[in-house]
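A quick write-up on the structure given underneath.
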Amino acid sequence: MNTNSNTYTIVYATIVVIIVAVLLALVSQVLSPRQAANVKLDQQKQMLVALNQELGADPAALYESLVRDTIDRENAKPGIFRFEVDGATKYVLRLHGAGLWGGIGGYIALDEDKNTIFGINFNHESETPGLGALIVEEPFRSQFIGKHIRDAKGEIVSVVVLKKGNQAENGEEQVDAVSGATITSTGVSDMLKENLCTEYAEFLGTVIGDGLQVTGEEENVEPIKEEGE
Amino acid sequence: MLSQKTKDTLLGPLNVNNPVVVQVLGICSALAVTVQLKPALVMGIAVTIIVAMANVIVSLIRNTIPMRIRIIIQLVVVAALVTLVSEVLKAFAYDVAMQLSVYLGLIITNCILMGRLEAFAMTNNAWDSFLDGLGNGFGYAIILVIVAFFRELLGSGALLGYQVIPDSWYAAGYENCGMMMMPAMALILVGCIIWAHRSLNKEEK
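Line by line, the protein sequences are chains A and B. The first sequence begins at 1 in the numbering used here and counts up one residue at a time. The second sequence begins at 1001 in the numbering used here and counts up one residue at a time.
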């Protein structure tokens, strides 16, 4: 058989494409319930980490035992979850933002006063390992615990992520950026500000006045710079 | 147990015919995933599995592939395999899938795959192709691990995420080399490895 004729080539290509398409569609169909369950479990784990809980052997059961009610629109903003941890009410809000290479997200847990940060957890799609990806690690996250997202007047101002040694201009509380990962750190800062000051403003209970800009000018954007050169 | 030819097929790529330092393939991903040891290891394993499987499949259908679209067919096989593996991982090993997320997609564009499919699997039987895939995958993984070892050690003072440079050194003024975090350093390190490798293998040339 002449494998180089036009007819053979076209028929061959068509058959290969159909086989591959059917195979992939089938696998995707069969596996999607399991994948969805995994995604849900992963989100629950992330929330538990934001609530400073030990995951233990059965995170799903732990989640069920703590959660009280939720406003969740299938992974879209807003995602508001009310938990009860050691007798105290905690609110967990889902965050979405942009890092250097892709999306970043996370969950912020607030005390009942909707002001004090009880815990926080971040995730990212594709930040640089060893640099931007360090935002998910405990040393960066733990800086947020106990910070306040409101200023003295009670307005939501978020918490800014700043390079060590810099001072927030508007008196917001601040945490240290990951060195060498300026854009990812700025992304975290912008994400918190945009989510808390606009997306969840209604839930948090403060109307944004004209004086409160959400442009993020005070974030001190710098060009990428490696430390220790 | 193994004939000389089989041995060469399997073990050659580890040293004298290494895909990265001799054939100079797969450099792009060597830059991207070698900042830390762990992603480098995972990428090495993933590439090994996919090259071996793709080699076998292409070898089995090699006599039916029309010459004019052979590269496209090879690409379709690789892309389908990568997508399959990624879907299966997402369903059964979600944590691993999340760690691999970016790298898994990168495998499709890894030149080692195309190189081996075109140079070996198109003309050899399935078993030899399987060994060739394993050998080249391991050869690739070794270089990745060596590069990542130095980049993580000198750039972050850690190995596999654990700090190995004692705090007392930092107190005494030692600083991590920020340059090691840049992709360019991977290229320079690969260059150093090629240099050392060529010097050691002089007689065989």
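Each residue gets a CB set at the ideal place from its N, CA and C atoms; glycine is no exception.
- Rounded to whole angstroms, the separation of the alpha carbons of residue 84 (chain A) and residue 70 (chain A) is 12 angstroms.
- Interface criterion met: the Cβ of residue 1156 (chain B) is under 7 angstroms from a Cβ in chain A.
- Scanning its chain for C-beta atoms nearer than 6 angstroms, with the 5 sequence neighbours on each side dropped, one finds around residue 112 (chain A) the residues 89, in chain order.
- Collapsing the DSSP output to three states places residue 1047 (chain B) in a helix.
- Within chain B, the residues placing a beta-carbon under 7 angstroms from that of residue 13 (chain A) are 1069, ordered along the chain.
- Residue 163 (chain A) carries a coil assignment under DSSP once its states are collapsed to helix, strand and coil.
- Residues of the region 113-129 of chain A with a C-beta less than 9 angstroms from any C-beta of chain B: 123, 125, 126, 128, 129, listed in chain order.
- The region 1109-1129 of chain B makes no contact with the region 1158-1171 of chain B; the number of CB pairs closer than 8 angstroms stays below 3.
- Taking C-alpha positions only, residue 191 (chain A) is separated from residue 56 (chain A) by approximately 30 angstroms.
- Closest in C-alpha terms to residue 1113 (chain B), from the list B:1125, B:1093, B:1137, comes B:1137.
- Considering only B:1005, B:1026, B:1099, the residue with the shortest C-alpha distance to residue 1142 (chain B) is B:1026.
- Remark: C-beta atoms of residue 99 (chain A) and residue 184 (chain A) approach each other more closely than 7 angstroms.
- With respect to the C-alpha of residue 1040 (chain B), the residue from B:1015, B:1148, B:1178, B:1095 having the closest C-alpha is B:1148.
- Against chain A, the CB of residue 1083 (chain B) has a partner CB under 7 angstroms away; the residue lies at that interface.
- Where residue 118 (chain A) is concerned, the enclosing beta strand (DSSP E) starts and stops at 117-124.
- By the Cβ neighbour-count rule, residue 169 (chain A) is exposed, with fewer than 16 other Cβ atoms within 10 Å of its own.
- By alpha-carbon distance to residue 1111 (chain B), the top candidate from B:1100, B:1011, B:1023, B:1201 is B:1023.
- Contact check for residue 94 (chain A) against residue 79 (chain A) passes: the beta carbons are separated by less than 7 angstroms.
- Rounded to whole angstroms, the gap between the alpha carbons of residue 43 (chain A) and residue 81 (chain A) is 12 angstroms.
- In terms of beta-carbon proximity, residue 31 (chain A) lines the interface with chain B, with at least one pair separated by less than 7 angstroms.
- In its chain, beyond the 5 residues on either side, 1031 have a beta carbon closer than 7 angstroms to the beta carbon of residue 1187 (chain B).
- About 12 angstroms separates the Cβ atoms of residue 1058 (chain B) and residue 16 (chain A), ruling out a contact at the 8 angstroms cut-off.
- Residue nearest to residue 1050 (chain B) within the set B:1012, B:1011, B:1103 is B:1103 (criterion: CA-CA distance).
- Secondary structure note for residue 92 (chain A): its beta strand (DSSP E) is the uninterrupted segment 88-98.
- Beta-bridge pairing by DSSP links residue 103 (chain A) to A:98.
- Not a single C-beta of chain B is nearer than 7 angstroms to the C-beta of residue 2 (chain A).
- Looking at the DSSP output, residue 81 (chain A) sits in a beta bridge with A:70, A:92.
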